[in-house]
Every structure is written in structure tokens, then in C-alpha cells.
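Those letters in the sequence shown? Residues 32 to 556, by my numbering.
Report on the following structure.
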Amino acid sequence: MKYLFFGIACVLTVSAVLVRLSYPDVSSDRPVIYWITDKNPARYEQVETFHRWLVEQGHTAEDGGPICELRLDFANRSLAKQVIQTVSGAGSDTMDILGGSQMRLFQDMGVIHRLDEAAMELGFGLDSTYDAVRPEVATPDGQYAYPCNVITRMLYVNPAAFASVGIAEPPRRWTLEEFEAMGRAYVAKANPPGTVPADRRFFVNDVPISVLHRGLGVSVLNETGTASALNHPDYVKAIETRHRWIYEDELMPTPDDLDAFSSAQSYGGPTLTLFGAGNFAMVYGGRWYMIQLRNFDSLRNLTVVEPPHGGFPNVPITTRAAAVYAGTEHRRLAELFLAFLASEDYNLLIVRDADAMPPNPAFLETEAYLKPPDRPDEWRVHAPLAEIAQSIGVGGSYSPFVQAVELGREQDYFLEEFRIGRITAVEAASRTAAAIDRRIAATLDRKPELRGEFDRRVALQQRIDKRRAAGLPIPRNWLFNAFYLAYYERTGQLAPDEPIDSPRISESVTGKALVDASAQERATR
Numbered sequence: 032m033k034y035l036f037f038g039i040a041c042v043l044t045v046s047a048v049l050v051r052l053s054y055p056d057v058s059s060d061r062p063v064i065y066w067i068t069d070k071n072p073a074r075y076e077q078v079e080t081f082h083r084w085l086v087e088q089g090h091t092a093e094d095g096g097p098i099c100e101l102r103l104d105f106a107n108r109s110l111a112k113q114v115i116q117t118v119s120g121a122g123s124d125t126m127d128i129l130g131g132s133q134m135r136l137f138q139d140m141g142v143i144h145r146l147d148e149a150a151m152e153l154g155f156g157l158d159s160t161y162d163a164v165r166p167e168v169a170t171p172d173g174q175y176a177y178p179c180n181v182i183t184r185m186l187y188v189n190p191a192a193f194a195s196v197g198i199a200e201p202p203r204r205w206t207l208e209e210f211e212a213m214g215r216a217y218v219a220k221a222n223p224p225g226t227v228p229a230d231r232r233f234f235v236n237d238v239p240i241s242v243l244h245r246g247l248g249v250s251v252l253n254e255t256g257t258a259s260a261l262n263h264p265d266y267v268k269a270i271e272t273r274h275r276w277i278y279e280d281e282l283m284p285t286p287d288d289l290d291a292f293s294s295a296q297s298y299g300g301p302t303l304t305l306f307g308a309g310n311f312a313m314v315y316g317g318r319w320y321m322i323q324l325r326n327f328d329s330l331r332n333l334t335v336v337e338p339p340h341g342g343f344p345n346v347p348i349t350t351r352a353a354a355v356y357a358g359t360e361h362r363r364l365a366e367l368f369l370a371f372l373a374s375e376d377y378n379l380l381i382v383r384d385a386d387a388m389p390p391n392p393a394f395l396e397t398e399a400y401l402k403p404p405d406r407p408d409e410w411r412v413h414a415p416l417a418e419i420a421q422s423i424g425v426g427g428s429y430s431p432f433v434q435a436v437e438l439g440r441e442q443d444y445f446l447e448e449f450r451i452g453r454i455t456a457v458e459a460a461s462r463t464a465a466a467i468d469r470r471i472a473a474t475l476d477r478k479p480e481l482r483g484e485f486d487r488r489v490a491l492q493q494r495i496d497k498r499r500a501a502g503l504p505i506p507r508n509w510l511f512n513a514f515y516l517a518y519y520e521r522t523g524q525l526a527p528d529e530p531i532d533s534p535r536i537s538e539s540v541t542g543k544a545l546v547d548a549s550a551q552e553r554a555t556r
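Pasting the structure below:
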């Protein structure tokens with residue numbers, strides 16, 4: 032038996048060597064760097080443009096060609112594969128990460144490089160991207176990624192759908208009450224008696240719960256990152272509002288409604304096919320939807336409007352960003368790729384292809400973005416989207432005491448419990464908050480080195496609570512949650528910096544430095 036195992040081991044070893052020798056970079060006449068990214072056809076042109084950009088910038092080999100070759104790695108895009116590969120020392124030179132949650136995960140694992148020095152030298156620093164995106168690519172310790180594109184979601188409006196029922200298009204900004212009233216009027220006119228499920232027309236495909244509770248001024252975490260903020264009456268209101276819109280007002284489809292539709296899959300999923308067929312008057316999504324929407328003759332002169340709000344207009348903003356693997360043998364070449372992402376050559380590719388928004392907001396002001404010459408009917412989408420994203424975009428809420436993915440799991444679990452009738456909305460809010468707080472406590476048990484910072488932030492949170500209860504503004508440098516920094520600033524409740532006892536705790540979300548975000552319970556505001 033041992034000889035059998037020995038023989039198998041030899042075969043596997045030889046096979047591994049042969050596979051490795053077949054890799055193109057082994058026989059390449061220049062270094063090869065790999066980029067883990069999504070399987071988007073646009074990536075091939077981006078690679079070729081990078082090679083040309085290297086030559087134009089003087090980063091050349093002896094033959095005058097590019098100093099390196101960039102290869103795409105689609106096979107290892109999943110988060111699980113990236114985690115396994117990076118901790119085992121086999122990660123790709125540069126890799127896509129989705130927002131501040133994944134960035135913090137990899138940074139905490141120590142598998143991505145800090146980029147501050149290279150970013151300053153090569154021109155891909157935080158000052159070359161959106162202010163609201165900073166929490167997605169940087170922590171208080173420094174910058175760890177740079178955007179490949181910038182992602183925000185709004186409501187696409189089909190004017191023809193509204194015209195067909197004699198209702199005016201929605202305004203750029205509207206309240207929850209205005210949204211609900213118009214939605215009820217729309218579905219009543221669009222679905223006469225006898226409408227079969229497969230032909231039913233809805234006001235919108237979805238308005239996520241996060242949009243609703245953030246629009247009411249409630250974050251998943253509190254100001255200092257020490258506990259949940261969801262045990263709050265306005266979170267309860269958000270849960271109940273969304274449930275009513277789906278199951279009572281029928282503004283949005285139920286899971287059963289979606290099953291009743293028969294639609295082909297497409298880039299962006301079946302939602303856009305249903306939008307094109309007239310089943311949705313609006314869809315919630317990002318600029319990349321234009322890639323598919325351009326294929327629908329029935330969708331012309333679209334526009335975008337803000338999601339409805341409950342007193343605090345805002346839209347989420349995040350990024351698909353690139354980070355540099357800490358174990359790469361080609362760190363400088365990978366950093367050059369990030370510099371390329373900040374370049375005009377790359378930004379104009381994103382502008383043209385509608386692959387979300389370009390990394391550098393300066394390119395939102397170009398004619399190529401605002402009025403693409405080959406897409407004259409898109410001007411009502413691009414300009415409003417840029418204005419909304421830059422004026423009311425708010426990044427995610429993060430904390431060193433809990434992973435963002437855990438926050439989502441707890442929310443989703445108790446929202447489902449509410450949906451199927453096992454608990455009330457009040458119970459869903461309180462149980463979600465309690466579960467998140469338990470996650471934080473578990474983190475502190477696993478990482479006792481965080482206890483000192485946690486205790487200092489708890490003390491600061493108590494000071495914030497007292498000031499809020501007294502109706503006093505909150506000092507800017509006391510806030511560790513990017514959402515509440517924006518909330519207090521835009522609602523006139525933000526005060527200038529005030530001293531904090533601990534020098535470590537002074538690293539908040541203020542100015543150009545960005546945060547590890549917040550969490551502690553807030554029963555009242």
C-alpha cells in the first residue's frame with residue numbers, strides 16, 4: 032500500500048511541475064503579474080491599455096515594449112479562494128476586493144500591502160478619488176487599495192412606463208410618503224382587474240432595507256464602533272415599511288411574484304429583462320446597468336432619481352478596488368497597475384463602457400461622460416448620477432470589533448424571521464442588535480488586545496450620548512462611523528474637533544484620514 036501512495040505522490044508531483052512549466056510567465060521574456068478580477072469582457076481591453084500606458088509612461092523593457100505583462104485570473108475571484116491563496120503564500124500580485132469590508136478583512140490578515148508611499152509617488156492617493164470612498168480603501172492606519180470603479184445605486188426611471196398610466200415622472204428627491212403615494216397610484220392604474228401574475232406591473236423591483244434605515248438616519252453601528260445601533264424605532268419603521276410595500280401595497284414583487292415571471296438571464300440578471308418588458312417602472316441599481324440597458328429598444332431617455340428618504344437623503348457608495356498582495360515578488364509592478372487605474376487612459380475606458388463610475392471624479396465632468404457622442408439618449412442618466420453620488424454619497428459603516436459580513440448575516444436572519452411571521456418588527460430590531468453585540472463580545476474574547484481601545488471608545492460613546500440627549504452638536508473627531516459623520520454634518524449637528532483623552536482614539540473619520548467605523552447601542556437620538 033505504501034508503494035501505491037508513493038507512486039501516486041510521484042505522479043502528482045511530476046504533474047504539478049509540468050503544469051507549472053506550461054504557465055506562460057515561465058517562458059515569458061518579461062515579468063508577468065496576475066490580476067484576480069471578475070470575468071467581464073472589458074477586462075481584456077483594460078489589460079491591453081495598461082500595456083500601452085506602460086510604454087507611454089516610459090516603463091519599458093530593453094526591446095521597447097512594456098516592462099511587464101499583465102494576465103487575468105478569473106478562476107480565483109471568489110473570496111474563499113482569495114483568502115486560502117493569500118494565507119498560503121500563493122496569491123496573485125494584485126486582486127480585486129469589494130469595498131471596505133473585504134479590504135479590512137485582508138488588511139487584518141496582513142496579506143495586502145500598505146500603499147501610502149507608493150500612492151503619493153505614483154499618483155493614486157486618496158486625493159485622486161471620491162471623499163466618500165475613503166472608508167472603502169483606507170483605514171486610520173493608511174491606504175490599502177485603489178478603486179477600479181466606484182459603485183453607487185439609485186433608481187432608474189422609465190418615463191414611458193409612467194406616461195402609459197398618465198402619471199408624471201418622479202422627482203429627483205422624494206420622501207418615503209411621496210414614494211408610497213405615487214407607487215400606490217401607479218400599481219392601481221397599471222394593473223386593471225383581471226391582470227394575470229405574469230403580466231403584473233410593479234412600481235420598482237426593490238428598495239433594500241439598508242436604504243430605508245439609512246434614509247431614516249439609522250446606521251447598523253453606532254458612532255464609535257462598539258455596539259449595534261439597530262435597536263431603534265426608526266429601524267422598526269424601516270422593516271415595517273418595506274414589508275408593507277411588498278405584501279400590502281404590492282409596490283415591489285414578492286419571491287412568488289418573481290417566480291411567476293419567465294425571463295432570460297442577462298448581464299445584470301433577470302431584473303433588467305423585466306424592466307425592459309415593462310414589469311417594473313423603476314429598478315434599483317448602478318451605472319453598470321447601462322451595459323445591458325443599451326440593448327433594449329424599449330428603454331430610451333431613461334433617467335435616475337434618488338431612493339426615497341425618511342429625513343436624511345443619501346445613497347450608498349462603495350468600490351471594486353485593487354489591492355497589492357503582500358507576498359508578491361513584483362510589488363513595484365503591481366503598484367504601477369494601481370497607478371494606471373488613476374490614469375486618464377483607464378478612467379476614460381470606464382466612462383465609455385459604463386462600468387460603474389470612474390475612479391477619479393474629475394472625469395465625471397468630461398463631455399465623454401456627460402454626453403457620450405454615440406449615446407445621445409443617455410445624458411439624463413449620467414449627469415444626475417454623478418451629481419447625486421458626489422453630493423449625498425455615503426460609504427459603509429465599519430468597526431475593528433466586528434466584520435461587516437457578520438452584520439449582514441445577523442440582519443438577514445432576523446429579517447427573514449420577521450417575514451415569515453415568527454417575530455415582530457420590534458423583536459427583529461432588538462434581536463438583531465443583541466446578536467451584533469454578541470459578535471462584538473466574541474471578537475474581544477478572541478482578541479483581548481482590542482479591549483483597551485474598545486473601553487476607551489465606550490467611554491467616548493457615553494460622552495456622545497450625553498451631548499446628543501442635551502441637543503448639543505457632536506465633535507467631528509469623536510466619530511468613527513462615516514455614516515454618522517455625514518449625518519451630523521448634513522443635519523447641522525456637527526461641532527469642531529474637541530480633545531479626546533487617548534491619542535489612539537483620536538484617529539476618527541475626520542478630514543483625509545479614514546476610519547475603522549462604529550458600533551454601540553443608541554436607543555434614542
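Don't be surprised by glycine CBs; every beta carbon is placed ideally from N, CA and C.
Small disclaimer: the values here were computed from a predicted structure and weren't measured.
The beta strand (DSSP E) spanning GLU100 covers which residue range? Counted from its first residue, the sequence shown places residue 100 at position 69. For GLU100, the enclosing beta strand (DSSP E) has its first and last residue at 100–104.
Distance, ALA216 Cα to TYR161 Cα: Counted from its first residue, the sequence shown places residue 161 at position 130. Counted from its first residue, the sequence shown places residue 216 at position 185. Straight-line spacing of the CA atoms in TYR161 and ALA216 works out to 38 Å.
Cβ contact (3+ pairs, closer than 8 Å) linking the stretch 369–382 and the stretch 275–283: With a cut-off of 8 Å, the stretch 275–283 and the stretch 369–382 do not count as touching, because too few Cβ pairs lie within range.
Using three-state DSSP, classify GLY130 as helix, strand or coil. Translated into positions along the sequence shown, residue 130 becomes position 99. Judged by DSSP in its simplified three-state form, GLY130 adopts helix.
On the criterion of 16 or more Cβ atoms from any shown chain inside 10 Å, does MET313 qualify as buried, or is it exposed? Within the sequence shown, the letter at position 282 stands for residue 313. With 16 or more other Cβ atoms inside 10 Å of its own Cβ, MET313 counts as buried.
Residue interval of the alpha helix (DSSP H) (run including TRP84): Counting from one through the sequence shown, the residue named residue 84 turns up at place 53. It spans 73–87 - the alpha helix (DSSP H) in which TRP84 sits, taken as one unbroken run.
Beta-carbon gap between THR349 and PRO178 smaller than 7 Å: As a working mapping, residue 349 is identified with position 318 in the sequence shown. As a working mapping, residue 178 is identified with position 147 in the sequence shown. Not a contact, by the Cβ cut-off of 7 Å.
Counting Cβ pairs closer than 8 Å, one from the stretch 406–420 and one from the stretch 205–215, do we hit at least three? Touching, no.
Could you tell me how far apart the beta carbons of ALA387 and ILE143 are, in whole angstroms, since I believe they sit closer than 8 Å? Here residue 387 refers to the residue found at position 356 when the sequence shown is read from its first residue. Here residue 143 refers to the residue found at position 112 when the sequence shown is read from its first residue. At roughly 22 Å, the Cβ-Cβ gap does not stay under 8 Å, so ALA387 and ILE143 are not in contact.
Rounded to a whole number of angstroms, what is the C-alpha to C-alpha distance between ASP158 and MET283? Counting from 1 along the sequence shown, the entry for residue 158 is found at position 127. Counting from 1 along the sequence shown, the entry for residue 283 is found at position 252. Taking the straight line joining both Cα atoms gives about 40 Å.
Inter-residue CB distance, ASN310 and ARG383 (contact presumed, cutoff 8 Å): By 1-based counting over the sequence shown, the position of residue 310 is 279. By 1-based counting over the sequence shown, the position of residue 383 is 352. Wrong, their Cβ atoms sit about 30 Å apart, outside the cutoff.
Would you call TYR54 buried or exposed, if buried means 16 or more other Cβ atoms sit within 10 Å of its Cβ? Position 23 of the sequence shown holds residue 54. Confidence at TYR54 is low in this model, with a pLDDT of 47, below 50, so its placement is unreliable and the value that follows should be read with caution. It is exposed - the Cβ of TYR54 has fewer than 16 other Cβ atoms within 10 Å.
Identity of the residue in CYS99, TYR75, PRO506 and VAL114 nearest LEU85 by Cα: If you number the sequence shown from 1, residue 85 lands on position 54. Per the C-alpha coordinates, the member of CYS99, TYR75, PRO506 and VAL114 positioned closest to LEU85 is CYS99.
Whose C-beta lies closer than 7 Å to the C-beta of TYR298 among residues of the same chain, with five residues either side of it excluded? The count along the sequence shown starts at 1 and reaches residue 298 at position 267. Note that TYR298 has pLDDT 43, beneath the 50 cutoff, so the model's placement of it is unreliable and no number is given.
How is LEU324 classed by DSSP in three states: helix, strand or coil? Within the sequence shown, residue 324 is the residue found at index 293, counting from 1. It is helical.
Close beta carbons around GLU621, own chain, < 7 Å, minus the five adjacent residues each side: Absent from the model: residue 621. The displayed extent of the chain is 32 to 556, so no value can be given.
For ALA26, which of helix, strand or coil comes out of DSSP? The requested residue 26 does not occur in the structure, where the chain is confined to residues 32 to 556.
Quick one: what's got a C-beta closer than 7 Å to ASP104's C-beta in the same chain, skipping five residues either side? Numbered from its first residue, the sequence shown carries residue 104 at position 73. Here the set comprises TYR65, TRP66, ILE67 and SER123.
Can you list, in chain order, the residues of its chain with a C-beta nearer than 6 Å to that of ALA460? Leave out the 5 residues immediately preceding and following it. The count along the sequence shown starts at 1 and reaches residue 460 at position 429. Same-chain partners within the cutoff: LEU261, ASN262, TYR266 and VAL267.
On the CB-based measure, 16 or more other CB atoms within 10 Å of its CB, does GLN296 come out buried or exposed? Taking the sequence shown and counting its residues from 1, the one referred to as residue 296 is at position 265. At GLN296, the pLDDT of 43 sits below 50, so the modelled position is not reliable and the matter cannot be decided from this model.
Return the CA-CA distance between THR463 and THR80, expressed in angstroms with no decimal places. Position 432 of the sequence shown, counted from the first residue, corresponds to residue 463. Position 49 of the sequence shown, counted from the first residue, corresponds to residue 80. Roughly 47 Å separates the two Cα atoms.
Between the C-alpha atoms of GLY197 and SER241, what's the straight-line distance to the nearest angstrom? The residue labelled residue 197 in the question sits at position 166 within the sequence shown. The residue labelled residue 241 in the question sits at position 210 within the sequence shown. Distance between the alpha carbons of GLY197 and SER241: 31 Å.
By the 10 Å Cβ neighbour count, where 16 or more other Cβ atoms means buried, how is VAL227 classified, buried or exposed? The count along the sequence shown starts at 1 and reaches residue 227 at position 196. Exposed.
Going by C-alpha distance, which of MET185, VAL181 and ASN378 is nearest GLU76? What you label residue 76 is simply residue 45 of the sequence shown in a count that begins at 1. Distances from the alpha-carbon of GLU76 to those of MET185, VAL181 and ASN378 put ASN378 closest.
Locate the alpha helix (DSSP H) running through TRP319, then write down its first and last residues. Counting from one through the sequence shown, the residue named residue 319 turns up at place 288. Looking at the DSSP string, TRP319 is not in any alpha helix (DSSP H), and its letter there is neither H nor E.
Taking the alpha carbon of PRO62 as the reference point, which residue from ARG145, ALA73 and LEU101 has its own alpha carbon closest? Along the sequence shown, one-based indexing puts residue 62 at 31. Ranking the options by Cα distance to PRO62, first place goes to LEU101.
Report buried or exposed for SER374, applying the criterion of at least 16 other Cβ atoms within 10 angstroms of its Cβ. Looking up residue 374 in the sequence shown gives position 343. With 16 or more other CB atoms across the displayed protein chains lying within 10 angstroms of its CB, SER374 is buried.
When the distance is taken between beta carbons, is VAL346 closer than 7 Å to ARG203? Indexing the sequence shown from 1 puts residue 203 at position 172. Indexing the sequence shown from 1 puts residue 346 at position 315. In this structure, VAL346 does not lie closer than 7 Å to ARG203 by Cβ.
For MET388, which beta-bridge partners are listed by DSSP? Sequence index remark: in the sequence shown, residue 388 carries index 357 (1-based). Partner residues in the beta bridge of MET388, as assigned by DSSP, are VAL181.
C-alpha distance - ASP547 paired with LEU146, whole-angstrom precision: The residue labelled residue 547 in the question sits at position 516 within the sequence shown. The residue labelled residue 146 in the question sits at position 115 within the sequence shown. Caution applies to ASP547, whose pLDDT of 36 falls short of 50 and renders its modelled position unreliable; the value that the coordinates give is listed next. Distance between the alpha carbons of ASP547 and LEU146: 17 Å.
Taking all protein chains shown into account, do 16 or more other C-beta atoms lie within 10 angstroms of the C-beta of SER422, making it buried, or fewer, making it exposed? Residue 422 sits at position 391 when you count from the first residue of the sequence shown. Per the 10 Å Cβ criterion, exposed.
Is it the case that the Cβ atoms of ASN71 and GLU254 are separated by a distance below 7 Å? As a working mapping, residue 71 is identified with position 40 in the sequence shown. As a working mapping, residue 254 is identified with position 223 in the sequence shown. Not in contact: ASN71 and GLU254 (Cβ atoms no closer than 7 Å).
Starting from the C-beta of ARG245, find all residues in its chain whose C-beta is less than 8 Å away, skip the five residues before and the five after it, and write them out in chain order. Locating residue 245 in the sequence shown gives position 214, counting from the first residue. Cβ within range, chain order: PHE343, ASN345, PRO347, VAL425 and PHE514.
State the DSSP-derived secondary structure class of TYR161, mapped to helix, strand or coil. For this step, residue 161 is matched to residue 130 along the sequence shown. In this structure, TYR161 counts as coil in the three-state DSSP scheme.
Sorry if obvious, but does the Cβ on PRO506 come closer than 6 Å to a heavy atom of the ligand GDP? Although the ligand GDP was asked about, the structure shown includes no ligands whatsoever.
Looking only at DSSP bridge pairs, what is ILE505 linked to? For the purposes of this step, residue 505 is identified with residue 474 of the sequence shown, where counting begins at 1. Residue pairing by DSSP places ILE505 opposite LEU525 in a beta bridge.
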